[in-house]
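When we follow this note's numbering, the leftmost residue of the sequence shown carries the number 6, and every step to the right adds one. For reference, the structure is listed below as structure tokens.
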Amino acid sequence: MTAPLTAVPGANVAPPGAARVLQSLDSVRDPELDEPITSLGFVASCTVSADGDATVRLRLPTYFCAPNFAFLMVADAYDAVSGLPGVRRAEVVLEDHFASDAINGGVAARAGFVRSFDGEAVGELHQLRADFLRKAVMAGTDQVCRPLLRAGTEPAALRRMTLGDVPHSRALDRLRQRRAELGLPAGDGAALLIDPATGAPVTDDAAPLYLRRAQTTRVSIEANAGICRGMLRHRYDTAGQGEEDQ
6 MTAPLTAVPG
16 ANVAPPGAAR
26 VLQSLDSVRD
36 PELDEPITSL
46 GFVASCTVSA
56 DGDATVRLRL
66 PTYFCAPNFA
76 FLMVADAYDA
86 VSGLPGVRRA
96 EVVLEDHFAS
106 DAINGGVAAR
116 AGFVRSFDGE
126 AVGELHQLRA
136 DFLRKAVMAG
146 TDQVCRPLLR
156 AGTEPAALRR
166 MTLGDVPHSR
176 ALDRLRQRRA
186 ELGLPAGDGA
196 ALLIDPATGA
206 PVTDDAAPLY
216 LRRAQTTRVS
226 IEANAGICRG
236 MLRHRYDTAG
246 QGEEDQ
């Protein structure tokens with residue numbers, strides 16, 4: 006079942022091109038892998054009519070990918086596309102998935118996860134999103150700390166550093182963003198090593214274990230991303246929209 010189109014405000018504004026709609030999808034991430042659905046190859050197609058009707062078709066590595074993860078990505082994609090100036094209507098369709106009817110219909114109706122999976126889901130997905138964001142903070146901390154450790158910085162010195170002490174990098178920008186999304190300290194004066202659940206600075210005694218956990222989390226996420234990319238290529242054997250540009 007294809008989800009019905011939902012009207013979106015945008016009168017008297019020229020429709021965006023497909024490239025602009027695709028660019029908006031760069032902000033939509035797989036919650037488990039913490040990567041854009043574009044770079045992962047999950048966008049099968051993206052079109053915009055002359056009247057501003059935008060249609061995005063998504064695909065996933067397997068038919069049985071977790072429906073809660075899939076729902077988050079479809080819902081986030083809808084929000085990203087429907088919020089663009091000039092988009093009159095937005096339609097986001099998840100294809101080739103066992104729960105695509107429930108997900109597509111639920112997102113189009115703005116029904117939420119529980120109502121979309123009536124009798125099966127026990128709660129909305131805010132906590133799940135926060136849990137994966139905390140993992141992203143841990144992985145991002147390792148990405149920022151590894152170059153410092155290779156350059157000779159001692160773990161104890163990392164504990165005393167702030168984000169403002171760290172040389173600018175894409176990894177640092179990404180870490181700041183993930184922390185900000187969780188409401189954690191992300192300014193220059195914030196400690197580099199913090200508990201991703203509370204925002205409290207890590208103590209000297211806890212720093213070695215914390216850094217090992219951060220590394221393990223990063224390796225796990227990167228390994229899962231590699232597996233998903235391999236499964237997607239095996240399933241479809243074509244690049245996704247925007248994937249070749251990443």
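All C-beta atoms in this analysis are idealised placements derived from N, C-alpha and C, irrespective of residue type, glycine included. Being a predicted model, the structure only gives us computed values, none of them experimental.
- Taking all protein chains shown into account, ARG184 has 16 or more neighbouring C-beta atoms within 10 Å of its C-beta and is therefore buried.
- By the CB criterion at 7 Å, ASP200 and GLY169 fall outside the cutoff.
- In the DSSP assignment, ALA95 falls within the unbroken beta strand (DSSP E) covering 94-99.
- Fully enclosed beta strand (DSSP E) runs of no fewer than 3 residues occupy 94-99 of the stretch 81-131, in order along the chain.
- The beta-carbon distance between LEU138 and LEU180, rounded to whole angstroms, is 11 Å. This is too long to meet the 8 Å contact definition.
- With contacts defined by Cβ atoms closer than 7 Å, LEU27 and GLY247 form a contacting pair.
- When secondary structure is reduced to three states using DSSP, LEU189 falls in the coil class, being assigned neither helix nor strand.
- In this structure, the beta-carbon distance from SER32 to LEU89 does not fall below 7 Å.
- Taken in chain order, the whole alpha helix (DSSP H) runs of length 4 or more contained in the stretch 168-235 are 175-186.
- Between LEU189 and GLY204, the gap from beta carbon to beta carbon is short of 7 Å.
- Boundaries for LEU65: no beta strand (DSSP E) harbours it, and the DSSP string shows neither H nor E there.
- Here SER44 carries a helix assignment [DSSP, helix/strand/coil].
- In the DSSP assignment, VAL26 falls within the alpha helix (DSSP H) that extends over 23-29.
- Note on PHE76: 16 or more other CB atoms within 10 angstroms of its CB, so buried under the neighbour-count rule.
- Less than 7 Å divides the Cβ of CYS51 from the Cβ of VAL61.
- Exposed is the label assigned to THR208, since fewer than 16 other Cβ atoms lie within 10 Å of its Cβ.
- Taken atom to atom, the span from the alpha-carbon of ALA49 to that of PRO172 is near 37 Å.
- Contact check for LEU237 against PRO66 passes: the beta carbons are separated by less than 7 Å.
- By the neighbour-count criterion, in which a residue is buried when 16 or more other Cβ atoms sit within 10 angstroms of its Cβ, ALA114 is exposed.
- In the structure shown, ALA156 adopts coil according to DSSP, grouped into three states.
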